[in-house]
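Input: a single structure, listed below in structure tokens.
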Amino acid sequence: IVISEDMKNNIVRKGVPEDKITVIRNWVDIESIHPINKTENYLYEKFKVNRNNFNVVYAGNLGYAQNIEVILQAAKKLQTYPDIQFFIFGKGNQEEQYKKAAEELQLSNLRFFPLQPYSEVSYVYSLADVSIVSCKKGFGESAMPSKVWSILATGTPIVASFDKGTELEFLINKNNLGLFGDADDADVMAQNILQLYNNRDDMTQLSDNALNYVINTSSRQTATKKYIDVIKAIVLK
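Each residue of the sequence shown is one higher than the one before, counting from 821 in the working numbering.
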């Protein structure tokens, strides 16, 4: 059992028969992670975030592979839009380097916050109008970040900066869950954020698509049933 088509294709290339492989994607507990209405999200007050701005959120590890530089560069390109604000929640071995880079770029539209506990995931991603999933070029070929399911479970569209040809690109484009751009391309990330900023009606549809996708394919109940079905099929052979 693997969690993505990319991982399946990887081990098929290494000689594992395809009929011995089942893809069961990561699941998300939609009882625990769910949309939080703006009026009920206390993080706006805690971090002094304007509810009326267009908020772009990244949450997670601040390491080399996550390519926070592309977010900083996209923020720089969008500084002429004062109501587009970037918030980075996280920690990692590149944290101080990224903070220094943001300071050097004089990013008045970007702030860093501490990584929040897992119990606050719904609040963090519900703070966002869009959430970012990013990686350095070459790091996404065998990965499907688990944060994808948490983002979708809060009904938040994704802006991805990820390797082309990966399952994440297919997932986003096929199911209309956000906008995809190639890894390292800050221009495209900025353009995608601006496109959503200028088309708020599209945002409602993307949000609905995100929630429906998770409920229909990635809930805990759906995923555990697939595991049970696979195990039963093997036992009964």
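Ideal Cβ placement from N, Cα and C applies to all residues, glycine included.
query, result
"Compute the beta-carbon to beta-carbon distance between Q1015 and L997, rounded to the nearest angstrom, for a pair I have assumed lies under 8 angstroms.", "The Cβ separation is near 14 angstroms, so there is no contact."
"Would you grab the beta carbon distance between A1043 and G975 for me? Rounded to a whole angstrom, and I think it's under 8 angstroms.", "With a Cβ gap of about 19 angstroms, A1043 and G975 do not count as contacting."
"Between the Cα of L927 and the Cα atoms of M827, T900, K911, K896, which residue gives the shortest distance?", "K896"
"I'd like to check one pair, L930 with K911: are the Cβ atoms closer than 8 angstroms?", "no"
"Candidates N829, L935, K866, N873: which alpha carbon is nearest E838's?", "N829"
"What does the alpha-carbon distance come out to for the pair F933 and S824?", "31 angstroms"
"Can you give me the C-alpha to C-alpha distance between R1020 and P977, rounded to a whole angstrom?", "12 angstroms"
"Contact between the segment 902-921 and the segment 867-880 is defined here as three or more beta-carbon pairs at a separation below 8 angstroms; is this criterion met?", "yes"
"Can you check which of these residues, V941, K994, M1009, A1053, is closest to I856 by C-alpha distance?", "V941"
"Quick check: the Cα distance between N861 and R845, rounded to an integer number of angstroms?", "29 angstroms"
"Which residue or residues does DSSP assign as beta-bridge partners of A879?", "F909"
"Are there 16 or more other CB atoms within 10 angstroms of the CB of G880, so buried, or fewer, so exposed?", "buried"
"Can the beta-carbon of L863 be found closer than 8 angstroms to that of L972?", "no"
"What number of angstroms, rounded off, separates the C-alpha of Q1011 from the C-alpha of L935?", "27 angstroms"
"Please return the same chain residues whose Cβ sits closer than 6 angstroms to the Cβ of R1040, not counting the five positions on each side in sequence.", "W847, D849"
"Compare the beta carbon distance of S970 and Y945 with 8 angstroms and say whether it is the shorter of the two.", "yes"
"Within 10 angstroms of its Cβ, does L1056 collect 16 or more other Cβ (buried), or is it exposed?", "exposed"
"K956 and Y884: beta carbons closer than 8 angstroms?", "yes"
"If we count the other Cβ atoms within 10 Å of its Cβ and call it buried at 16 or more, is P965 buried or exposed?", "buried"
"For I888 and A1053, I'd like the C-alpha separation in whole angstroms.", "43 angstroms"
"Can you tell me whether S939 is buried or exposed, with buried defined as 16 or more other CB within 10 angstroms of its CB?", "exposed"
"Taking the alpha helix (DSSP H) that R1020 belongs to, which residues open and close that run?", "1020-1033"
"Tell me whether the beta-carbon of D983 lies closer than 8 angstroms to the beta-carbon of V876.", "no"
"Helix, strand or coil for L927 per DSSP?", "coil"
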